[in-house]
Each structure stands twice: as C-alpha cells, then as structure tokens.
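All residue numbers for the sequence shown refer to UniProt numbering, where the first residue is 1 and numbers rise by one. All C-beta atoms in this analysis are idealised placements derived from N, C-alpha and C, irrespective of residue type, glycine included. These numbers were taken from a predicted model, which means no experiment stands behind them. Below you'll find the structure, written out as structure tokens, and then a few comments.
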Amino acid sequence: MVEAPAVPDPSRGPDPSPVTILVAEDEALIRLDLVEMLEELGYQVVGQARDGQQAVDLARELRPDVILLDVTMPVRDGLSAAEEIVAGQFGAVVMVTAFSQADTVARAADAGVMGYVVKPCSASDLGPAVEMARSRWAQMRDLTEQVGDLGERLAARETVDAAKSVLQSSFGLTEAEAFSALRRQAMDARITLAEAAAIVVERANSAG
C-alpha cells in the first residue's frame, strides 16, 4: 500500500524569498510586456537582455531561478544560449517563441529547456510555465547532486518520474506537490531522492 505523503501546508503562506527571473527578448516592447506580467504575478525580474550572448552573461552573473529566453535574437539565438545556460547550471530555462513547430520544441528539449510559451504570451501562460520549469529544475539539480554517473542519473530520473505519477494518481496531487512530498520523505528518512522514489514505486507494485 502506498502511504499518503506529507504535503506542505498551504496555510504557511508563500516563500518569503521571491522567485528571480531574467528576461531575454530583443524587441523592447515585448520585453517590457513580459517584465510587467511577471512582476504582476509576484516574480522579481533581476535582469533584462537584448540578445542571446547578453542573456548568457547575465545568467552567469545573476544566477536567477528562471531565464525567459526568446528563440530568435541577434548575436546569438535563444536555443544556443539555452544550451550554455543549462550546461553551466545557471538556472531553469523557459523559451518564448512565435513558433510551435515540432523541430523547435525538440531542439529546445535537447538543449535542456524546462518549458516554453508561444507568443503572444499572457500571464496565464507565463505563470504555469515558470512554476513547471522551477519544479523540473529542482528535480534535475537534486539528481545531479546525488548521482554522478550519467547512466545512473537517467535511471534515477525515470524512477522519480514513476514515483511522482504514483503519488499524483493515488492522492490527487499536482506534479509539484508530488515532488515536494517525495523530497520530504527522502529528508525524513535520510535517504536520497532516488531511494525514496524506488520505495514508493515498489510499494505501488506490491499493492497492484
């Protein structure tokens, strides 16, 4: 039987530390619109970039929680910038694109992008994309810290994804809530995230 996870209490209020975001968009009006929407959502915009190279430089310097990158920018395109930002672990990347073609999405995924939104963007698009990117980035960082070998890291990621699915379907949690619950179980038991995930999956298989 899968035990009910400890989900953080929403009544405790939001994290006092605001989520920091770097916005990279070459068109000034669009960039200002993005900044305004993000700030209205409660995020803190710590930097603005006009081209891909400036985005990389600012991401390296500021280490924001999330980097919002336009795909088509001068000097260096957004996907190329995303590859370096992800490789340097400077923050979670969300792509902003006027295109929704499969090849653009596939290339973004290969670059390690955690989410994307299609122009014209709205606050209802940006908020979920930012939160999903933060959640996925936290998962990846935890696995990177706990597992050094790439093959083991990929296997651990699959186990964590399976455990999240179990918790989501069993208890009606969102992906972020399931991951948070999994992390808490790992901390309480003083084991790695992958080990906690394996326990959840094993219990689900035994119950099934």
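Among Thr174, Phe171, Met140, whose alpha-carbon lies nearest the alpha-carbon of threonine 159? Met140
Name the residue from Pro64, Arg183, Ala55 whose alpha carbon lies nearest to the alpha carbon of valine 46. Pro64
Determine, using beta-carbon pairs with one atom in the segment 25-43 and one in the segment 122-139, whether at least three such pairs fall under 8 angstroms. yes
Identified DSSP bridge partners for valine 19: In the DSSP output, where bridge partners are listed per residue, valine 19 has none listed.
Under 8 angstroms between the Cβ atoms of glutamate 25 and aspartate 70? yes
Continuous beta strand (DSSP E) stretch holding valine 35: start and end: Premise fails: valine 35 lies in the alpha helix (DSSP H), 28-40, not in any beta strand (DSSP E).
Can you grab the Cα-Cα spacing for the pair alanine 196 / glycine 112, in whole Å? 25 angstroms
How many angstroms separate the CA atom of valine 201 from the CA atom of arginine 50? 45 angstroms
Cβ of arginine 60 within 8 angstroms of Cβ of glycine 88? yes
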